[in-house]
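Undergrad:
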Amino acid sequence: MSSADLDMEELIDGCKSGDRKSQQKIYQLYYGKMYGVCLRYTKNEDQAKDILQDGFIKVFNSIEKYNFQGSFEGWVRRIVVNTAIDFFRKSKSDFVLLGDEQAMEDFSEVVDDEEDEEGEYDFKASQIIEAMNELSPAYRTIFNLYLFENLTHKEIAEKLDISVGTSKSNFAKAKKNIKKILIKAYK
Amino acid sequence: MGKKLTNFEESIRSSFDSFEPPYDSQSWEDIENRLDEQQPDEKNSSSILSGSLLVIAAFLLLFSSYFLISTSGDTSLMATNSNSQLVESAIESRKVSANDDSTFNDNTPTQNSNLNDSNNDVIDAENAFNENVSSGNNTPSNPADELHSEDQNDSEEMGEVEELVTAKNSSAIAFTSSLTEACAGVGVEFELLNEEVDGSYLWNFGDGNFSNQPNPKHVFQKPGVYDISLSVRSLEDGVIRSNSVSKMIVINPKPKANFGWEFTNEQEEITKVNFLNKSERAGEAEWHFHDGVISTEINPETNYKNKGEHLVKLIVSNKFGCIDSTFKYVDVKKDYNLNAPRSISLQRGIGFMPEALKTSDVSFSLTIYDNKQPIFETMSRDNPWEGKNLDGEEVLPGMSYPWVVIIYDDSNNEKEIFSGTVTVHP
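Chains S and C are the protein sequences, given in the same order. In terms of numbering that gives the first Met the number 0, the first sequence opens at residue 0 and continues consecutively. In terms of numbering that gives the first Met the number 0, the second sequence opens at residue 0 and continues consecutively.
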């Protein structure tokens with residue numbers, strides 16, 4: 000085990016006993032990555048900061064349950080992502096998903112686009128975030144879960160309690176919109 | 000993986016590979032506050048529950064309540080439910096351990112270990128306390144109720160309390176402080192406004208620290224809002240007079256300036272340094288670089304032409320106006336002069352053009368001098384100096400000729416000047 004790992008263990012143990020300095024160190028260490036995640040799930044920086052804060056409060060409150068199985072970063076990230084999903088679930092009106100019927104219809108319409116996606120793309124993270132800001136929370140969430148959390152549509156369907164078809168069509172629509180926005184703005 | 004991504008999807012994902020917004024220390028404060036709210040300061044509650052401080056606190060609360068009533072008008076009453084309970088338990092524990100009161104002793108400011116010395120003064124103080132309490136409450140069983148009813152402005156009770164105060168002829172203790180809002184680590188001076196009396200003083204700064212000085216100075220180390228209490232026991236008549244001002248001192252968190260840096264240039268380039276603000280609890284930053292260059296970016300970048308140790312100073316501040324600063328030296332390993340060649344050879348016919356200009360697309364002018372007179376000038380990277388003067392004649396070989404390059408930054412109208420000499424070989 001490297002010294003870095005040892006330090007991490009110490010920090011996590013510190014957090015478990017409620018040590019403020021250890022909590023701060025952990026926060027500093029993961030701030031950038033997790034804030035980056037939050038920015039993708041929200042429509043602006045304020046929302047992202049709220050979710051980041053709620054997420055880390057949850058991390059510190061439940062860190063006792065972390066048993067050093069699996070990567071700590073992954074564990075923190077799962078909490079942050081779930082916080083983001085819960086945030087939009089709560090405000091249901093925002094979180095409208097396409098129903099199945101509508102979904103299938105739209106799906107056939109967008110599925111052809113896949114072939115257009117083999118070109119060269121080079122967008123900056125900040126540009127993509129800007130584009131994602133414009134999506135509805137539902138689109139954004141599915142887009143994130145599929146592309147960045149690397150879930151399958153089946154897993155997304157289970158997580159969000161929607162059908163696989165809905166997940167697929169929402170992802171396709173989200174992607175289409177993002178591509179449109181990006182290409183219009185930066186190509 | 001098992002998931003095939005299109006080029007577009009893959010590019011979107013990889014765009015975030017190294018995406019990390021810079022750290023914002025302000026946001027930690029917010030989280031810290033929320034964590035603090037969740038779990039009230041354990042230290043406070045444990046110290047109150049355990050031993051001596053309980054009694055002291057109770058004394059102060061009880062007396063301050065009385066005195067606040069007697070001076071009626073300014074601050075709010077401190078007699079709340081919890082205070083009353085403290086008073087109640089104070090009387091209980093006083094019976095059990097009289098020694099605890101010895102913080103009134105002149106020699107024992109804060110150390111609990113000193114509290115075991117029994118002392119006559121302490122007994123006196125206790126007697127005074129007893130007298131006050133019993134004359135104020137004809138039903139001594141529950142002083143808490145008395146205090147509680149004062150909240151509701153029970154006139155009868157008020158009368159009784161006032162009687163107690165005047166009977167004892169104790170005028171209120173008043174004090175002031177040099178600052179009411181400060182940063183952690185800054186000393187605050189306290190001053191008694193009454194005439195100094197022979198006796199013992201006990202200041203409670205509300206952060207677990209006490210003083211026996213009449214006019215003490217105290218450094219608050221932790222951010223917070225502190226209640227300040229003072230009890231004075233007169234040597235003459237043994238009467239204890241106290242006052243307490245709730246939320247008298249606001250201590251704000253102090254930022255801690257710190258920074259690091261990394262070199263971001265390629266081998267051939269000018270030394271580029273990216274500074275990383277690692278300050279804690281700081282919202283704003285002011286960087287002082289060489290040549291009086293100041294930046295207010297959080298993580299600025301700057302270039303160094305000359306090798307050597309360069310002083311960098313960082314001053315940070317937070318929203319409370321508390322500042323901290325630090326400085327470090329950046330060790331630059333190499334001089335950079337546009338990677339200009341030191342010499343050219345007339346024979347080989349390769350002219351003089353600094354390497355860096357050949358590969359970049361900046362606007363520049365290059366001038367060669369001889370005897371302080373310009374003998375060649377160009378603004379084109381495709382037009383190197385071939386060792387000739389204005390008349391197209393070859394210059395004297397074996398000599399060094401000064402050159403000056405001015406690089407123009409069109410975006411902000413600034414220019415950067417590089418200079419050196421080039422030796423011309425035959």
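Ideal Cβ positions, reconstructed from N, Cα and C, are used throughout, including at glycine. No experiment lies behind these values; they were computed from the predicted model shown.
1. Taking 8 Å as the CB-CB cut-off, is T5 of chain C touching chain S?
2. Does E426 of chain C have its Cβ less than 8 Å from a Cβ in chain S?
3. If you draw a straight line from the alpha carbon of Q266 of chain C to that of K174 of chain S, how long is it in whole angstroms?
4. Return the chain-ordered ranges of every alpha helix (DSSP H) run that is complete within the segment 252-310 of chain C and spans a minimum of 4 residues.
5. To which residues does DSSP link D408 of chain C through a beta bridge?
6. Taking the alpha helix (DSSP H) that P191 of chain S belongs to, which residues open and close that run?
7. By Cβ distance below 8 Å, which residues in the same chain neighbour I50 of chain S in space, the five residues on each side in sequence not counted?
8. Since L146 of chain S meets chain C, which of its residues come closer than 7 Å, beta carbon to beta carbon?
9. With H, G and I counted as helix, E and B as strand and the rest as coil, what does DSSP make of R380 of chain C?
10. Beta-carbon within less than 6 Å of K427 of chain C's beta-carbon, same chain only, minus the 5 sequence neighbours each way: which residues are those?
11. Taking the alpha carbon of V249 of chain C as the reference point, which residue from C:A181, C:R33, C:D381 has its own alpha carbon closest?
12. Would you verify that the beta carbon of S219 of chain C is, or is not, closer than 8 Å to some beta carbon of chain S?
13. How many Å lie between I182 of chain S and D16 of chain C at the Cα?
14. Pick out whichever of S:Q68, S:F67, S:V58 has its Cα sitting closest to the Cα of R77 of chain S.
15. Please list, in chain order, all residues of the same chain as T295 of chain C whose beta carbon is under 6 Å from its beta carbon, the five residues on each side excluded.
16. Give the secondary structure of I180 of chain S by DSSP, where H, G and I count as helix, E and B as strand, and everything else as coil.
17. List, in chain order, every chain C residue whose beta-carbon is nearer than 8 Å to that of E116 of chain S.
18. Kindly indicate the opening and closing residues of the beta strand (DSSP E) around L191 of chain C.
19. Helix, strand or coil for Q372 of chain C? Go by DSSP, reduced to three states.
20. Suppose contacts are defined by Cβ-Cβ distances below 8 Å. Is V403 of chain C in contact with L356 of chain C by that definition?
21. Can you list, in chain order, the residues of its chain whose CB lies under 7 Å from that of I180 of chain S, leaving out five sequence neighbours each side?
22. Got a sec: is the Cβ-Cβ distance from E31 of chain C to anything in chain S below 8 Å?
23. Can you round the beta-carbon distance between I322 of chain C and V231 of chain C to whole angstroms, since I take them to be within the 8 Å contact cut?
24. With a 10 Å radius around its C-beta and 16 neighbouring C-beta atoms as the bar for buried, classify M398 of chain C as buried or exposed.
25. Look at the alpha carbon of Y200 of chain C and the alpha carbon of L229 of chain C, and state the distance between them as a whole number of angstroms.
26. S26 of chain C CB to nearest chain S CB: under 8 Å?
27. I need the DSSP call for N203 of chain C, collapsed to helix, strand or coil.
28. Considering only the beta carbon of each residue, do F258 of chain C and K327 of chain C sit closer than 8 Å?
29. Of all Cβ atoms in chain S, is any one closer than 8 Å to the Cβ of F274 of chain C?
30. So G184 of chain C and Q220 of chain C are supposed to be a Cβ contact under 8 Å. How far apart are they, rounded?
31. Is the segment 22-30 of chain C in contact with the segment 133-144 of chain S, if contact means three or more CB pairs nearer than 8 Å?
32. For a contact defined as C-beta to C-beta under 8 Å, what are the partners of Y22 of chain C on chain S?
33. Applying the 10 Å Cβ sphere with the 16-neighbour rule, what's the burial state of T301 of chain C?
TA: So, from the listed chains and residues:
1. Closer than 8 Å to some Cβ of chain S, the Cβ of T5 of chain C qualifies, so yes.
2. Beyond the ends of chain C as shown, which are 0 and 425, falls residue 426 of chain C; an answer cannot be given.
3. CA-CA distance, Q266 of chain C to K174 of chain S, rounds to 40 Å.
4. Listed in chain order, there is nothing to give.
5. BP columns for D408 of chain C point to C:E413.
6. Chain S is shown from 0 up to 186; residue 191 of chain S falls before or after that span and cannot be answered.
7. Leaving aside the five residues that flank I50 of chain S on each side, the residues in its chain whose CB is nearer than 8 Å to its CB run, in chain order, C37, Y40, T41, V79, T82, A83, F86.
8. What L146 of chain S touches in chain C: E8, I11, R12.
9. Residue state, collapsed to three classes: coil.
10. Nothing can be reported for residue 427 of chain C, as the shown portion of chain C is limited to 0 through 425.
11. Selection C:A181, C:R33, C:D381 evaluated against V249 of chain C yields C:A181 as nearest (Cα-Cα).
12. A quick correction: the sequence has Phe, not Ser, at residue 219 of chain C. Taking Cβ atoms only, chain S never reaches closer than 8 Å to F219 of chain C, which makes this a no.
13. Rounded to whole angstroms, I182 of chain S to D16 of chain C spans 21 Å at the Cα level.
14. Looking at the Cα atoms, S:V58 is the closest of the given residues.
15. Within the same chain, E285 come within 6 Å of T295 of chain C by CB-CB distance, once the 5 residues on both sides are set aside.
16. Three-state result, I180 of chain S: helix.
17. Against E116 of chain S, the close residues of chain C are T5, N6, F7, E8, in the order they occur along the chain (beta-carbon pairs closer than 8 Å).
18. Note, L191 of chain C: beta strand (DSSP E), 186-191.
19. It is a strand residue.
20. Taking 8 Å as the cut-off, the beta carbon of V403 of chain C is found no closer than this to the beta carbon of L356 of chain C.
21. Excluding sequence positions up to five before and after I180 of chain S, its CB lies within less than 7 Å of the CB of A130, E133, all in the same chain and listed in chain order.
22. E31 of chain C counts as touching chain S.
23. The Cβ separation is near 37 Å, so there is no contact.
24. Exposed.
25. Each residue's alpha carbon lies about 7 Å from the other.
26. At least one chain S Cβ lies under 8 Å of S26 of chain C.
27. Of the three classes helix, strand and coil, the one that applies to N203 of chain C here is strand, per DSSP.
28. In this structure, K327 of chain C lies closer than 8 Å to F258 of chain C by Cβ.
29. Not one chain S Cβ lies under 8 Å of F274 of chain C.
30. By a beta-carbon distance limit of 8 Å, G184 of chain C contacts Q220 of chain C. Their separation comes to about 7 Å.
31. Contact between the segment 22-30 of chain C and the segment 133-144 of chain S is absent, because fewer than three Cβ pairs lie under 8 Å.
32. Taking a Cβ-Cβ threshold of 8 Å, the residues of chain S close to Y22 of chain C are Q27, Y30, G31, in chain order.
33. The residue is buried, with at least 16 neighbouring Cβ atoms inside 10 Å.
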